[in-house]
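Here numbering that gives the first Met the number 0 is used: the first residue of the sequence shown is 0, the next is one more, and so on. Every residue, glycine too, gets a C-beta built ideally from N, C-alpha and C. None of these values were measured; they are calculated from a predicted model. What follows is one structure encoded as structure tokens, with my remarks underneath.
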Amino acid sequence: MPSTLYGIYNAQRALSLNQAAIDIINSNVANMNTKGYSKQRLEISQASNVAPYQSPVDATQSGMGAIIDSVTRNRDVFLDNSLRRETTDLNYYKEYTDNAVQLENIVNELDDTGLNKTLNDFYNSLSQLASNPNDFVVRNSVVQNAITLATTFNNTYTSLQNEKTGLVGDINNPDTLTQSKLSIDINDLNNKLSAVANLNDQINLSTSQGMTPNALLDQRDELLDKISEYIPVNITNERNNTVTLSIGAIELVRGKERSGFFEIQAGATNDNPSIVQIKNDAGSVFSTNAYSLITSGKIGAILQTGGDDPGKLTIKGIMDSLNSLASEFATAVNAVQTNGRYIDSSVNPNELSDNLSNPIPPSAGTDPDPEDFFVDSSGLGVINAGNISVNAIISNDPYQIAAAKLTSNLTETGDGSNALLMSQIRNQGLAVLGGATTQGYITNVTGKLGTQSKNIQDNYDIKSNILQQVTQKRESVIGVNLDEELTDLVRFQRSYEASAKVMQTLSQTLTTIINMMG
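Structure below.
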């Protein structure tokens with residue numbers, strides 16, 4: 000049977016154990032609103048009642064008390080991994096949704112000043128010109144509507160280009176590559192990877208010295224949660240509480256080393272202006288293009304929105320559609336313009352009448368001018384939404400609009416049949432547009448964008464609900480429950496009081512024995 004002195008020691012150890020438990024409860028309550036804090040608990044085990052110096056008789060006895068094994072955090076690796084996977088997916092759809100909303104705002108045809116309306120105004124003014132081919136006011140209206148239409152194309156294109164530049168930069172302006180949202184997020188990600196490596200080093204040192212660095216582990220777990228917002232990262236637990244981070248088969252962090260980091264390189268064309276590579280500090284390139292690895296997370300959504308993947312909603316895809324519309328529309332109008340006859344503005348419009356006794360002078364109706372109605376303002380010879388403009392010859396002289404048929408008699412006045420052909424382009428299915436009319440094509444483009452945007456939003460809503468459920472489950476594990484803490488506090492307080500009573504009783508017994516021996 001253990002001695003009375005050992006019983007006092009046992010009681011004193013119980014007092015210390017219960018006091019430690021109360022201190023942990025106090026820490027839990029104090030940090031119940033601290034972001035990233037994991038509830039801690041005292042791991043207690045029964046002290047061994049067998050010691051090398053004990054006799055076989057002693058070894059059969061009990062009553063060696065309890066000891067503290069460690070102070071651990073309430074964590075569930077499965078829930079941590081689930082939450083980070085869902086966080087990656089949610090941030091992918093959140094970023095994609097935000098980008099899709101911006102694109103919808105840019106191309107929305109329902110706006111009063113939108114592309115659909117300006118096309119309609121242009122066609123309507125051509126119809127008026129067909130009925131009033133000699134009216135300068137009507138001709139000027141056609142020109143002004145054409146300018147407004149071209150400007151709407153230009154502005155929409157510029158807005159899309161600016162949106163893309165803001166996301167992934169522009170190779171024609173190198174500064175934008177380092178100022179883009181992609182670059183900012185990549186830098187932030189690299190800093191967080193470095194922070195994990197630094198924490199790994201501190202955690203390894205503390206663990207190797209027999210300590211349990213719970214505060215450092217909480218800091219690292221919070222960083223891992225943040226990193227999962229950017230990319231799909233794999234996390235492997237290693238010895239001494241360190242972790243290894245990787246994407247695909249490429250290691251990013253191992254122990255205290257940041258073994259890989261992300262770097263942006265300029266792409267070959269503006270289709271993909273920013274290429275994300277993975278390197279190490281020595282300059283070795285692990286991946287020349289990490290696009291296929293970064294399939295989710297907010298960086299994945301940025302790369303896809305600003306890239307050229309035909310299977311995804313991309314800014315380039317919308318710009319290509321807009322370019323096709325501008326090019327095919329201009330080609331159709333120019334074909335009619337070059338096959339018509341214009342009026343020499345040097346002739347007084349009042350002299351243009353149906354009275355054959357005052358016929359149009361030969362110079363008033365000439366062969367078609369080689370210049371087109373719509374031209375490329377950049378001078379590259381290829382019309383797109385960004386450079387479509389009204390020929391300066393026509394904008395300066397509305398009489399240059401070829402409203403009359405090329406086959407009309409030079410003395411024939413009031414012919415607006417060519418202007419009518421131009422106005423009828425609105426109802427023509429154009430091959431490059433898949434057989435759609437110009438306005439129908441706009442509806443198709445905006446409708447497709449709306450459908451894609453809704454699908455992305457729906458996926459975001461689904462992932463948001465899933466993440467909320469996983470977060471609640473994990474919070475029930477790592478979070479501090481005040482009711483539970485108060486219950487534990489009462490339990491350990493009573494245990495402390497009982498241990499104190501035991502010590503008091505043993506002390507009194509020992510005093511009595513000593514006095515009897517005196």
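Which residues does DSSP pair with residue i in a beta bridge?
| i | result |
| --- | --- |
| Gln39 | Arg72 |
| Gln101 | Its beta-bridge partners do not exist; DSSP assigns none. |
| Asp169 | Asn172 |
| Thr235 | Thr243 |
| Glu256 | Arg253 |
| Ala265 | Ser273 |
| Val374 | Ser388 |
| Arg522 | Only positions 0 to 517 of the chain appear in the structure, and residue 522 is not among them; the question remains open. |
| Ala65 | Gln45 |
| Gly449 | DSSP lists no partner for Gly449. |
| Gly339 | Lys404 |
Exposed or buried, residue i, counting other C-beta atoms within 10 Å across all chains shown (16 or more means buried)?
| i | result |
| --- | --- |
| Ser227 | buried |
| Phe491 | buried |
| Pro397 | buried |
| Glu94 | buried |
| Ser258 | buried |
| Phe77 | exposed |
| Ile477 | buried |
| Asn395 | exposed |
| Met421 | buried |
| Ile34 | Checking the sequence shown, residue 34 turns out to be Lys, not Ile. The residue in question, Lys34, is exposed, as its Cβ has fewer than 16 Cβ neighbours within 10 Å. |
| Gly415 | buried |
| Gln303 | buried |
| Gly305 | buried |
| Gln39 | buried |
| Ile277 | buried |
| Ala430 | exposed |
| Ala289 | buried |
| Ser182 | buried |
In its own chain, which residues sit with a C-beta less than 7 Å from the C-beta of residue i, not counting the 5 before and 5 after it?
| i | result |
| --- | --- |
| Gly165 | Ser179 and Lys180 |
| Gly434 | Gly428 |
| Ser376 | Asn386 and Ser388 |
| Lys404 | Gly339, Arg340, Asp414, Ser416 and Asn417 |
| Thr235 | Val242 and Thr243 |
| Gln45 | Ala65 |
| Pro51 | The predicted position of Pro51 is uncertain, since its pLDDT is 46 and thus under 50; a value taken from the coordinates is nonetheless stated next. So the list is empty, once near-sequence residues are dropped. |
Once you ignore the five residues that flank residue i on each side, which residues in its own chain have a CB closer than 8 Å to its CB?
| i | result |
| --- | --- |
| Glu256 | Ala196 |
| Thr157 | Gly385 |
| Asn239 | Ile202, Asn203, Thr206 and Ser207 |
| Val100 | Ser452 |
| Asn172 | Thr164 |
Please report the distance separating the alpha-carbon of residue i from that of residue j.
| i | j | result |
| --- | --- | --- |
| Asn458 | Ser286 | 30 Å |
| Glu85 | Pro231 | 10 Å |
| Lys116 | Phe152 | 12 Å |
| Asn17 | Ile67 | 10 Å |
| Ala300 | Gly413 | 58 Å |
| Ser130 | Gly266 | 53 Å |
| Thr510 | Val501 | 14 Å |
| Asp371 | Glu162 | 31 Å |
| Ser352 | Phe135 | Confidence at Ser352 is low in this model, with a pLDDT of 39, below 50, so its placement is unreliable and the value that follows should be read with caution. So the alpha carbons of these two residues sit roughly 14 Å apart. |
| Ser26 | Ala499 | 23 Å |
| Gln264 | Asn189 | 15 Å |
| Gln456 | Asp97 | 9 Å |
| Ile424 | Asn443 | 17 Å |
| Asn390 | Leu114 | 20 Å |
| Tyr92 | Asn233 | 20 Å |
| Pro132 | Asn333 | 18 Å |
| Ser140 | Ile400 | 12 Å |
| Val192 | Ile293 | The question names Val, but residue 192 in the sequence shown is Leu. Roughly 16 Å between the two C-alpha positions. |
| Lys297 | Asp319 | 24 Å |
| Asp79 | Leu222 | 12 Å |
| Val70 | Glu42 | 6 Å |
| Leu176 | Asp308 | 20 Å |
| Lys225 | Asn464 | 19 Å |
| Gly282 | Gln160 | 32 Å |
| Arg74 | Asn454 | 35 Å |
| Asn514 | Gln507 | 11 Å |
| Gln127 | Val335 | 17 Å |
Here's a check: name, in chain order, each residue in its chain whose Cβ is nearer than 6 Å to the Cβ of residue i, leaving out the five neighbours to either side.
| i | result |
| --- | --- |
| Leu466 | Glu85 and Leu89 |
| Glu484 | Ile24, Asn27 and Val28 |
| Phe328 | Thr437 |
| Leu324 | Tyr440 |
Minimum length 3: unbroken beta strand (DSSP E) runs contained in the segment 271 to 313: You should have 273 to 278 and 284 to 286.
At which residue ranges does the segment 387 to 438 contain complete alpha helix (DSSP H) runs of 4 or more residues, listed in the order of the chain? As far as the segment 387 to 438 is concerned, its whole alpha helix (DSSP H) runs of at least 4 residues are 391 to 395 and 416 to 422.
Starting from the N-terminal side, write out each stretch of the alpha helix (DSSP H) that is 4 residues or longer and does not extend beyond the segment 157 to 217. Runs of the alpha helix (DSSP H) spanning 4 or more residues and lying entirely within the segment 157 to 217 occur at 173 to 178 and 180 to 207, in chain order.
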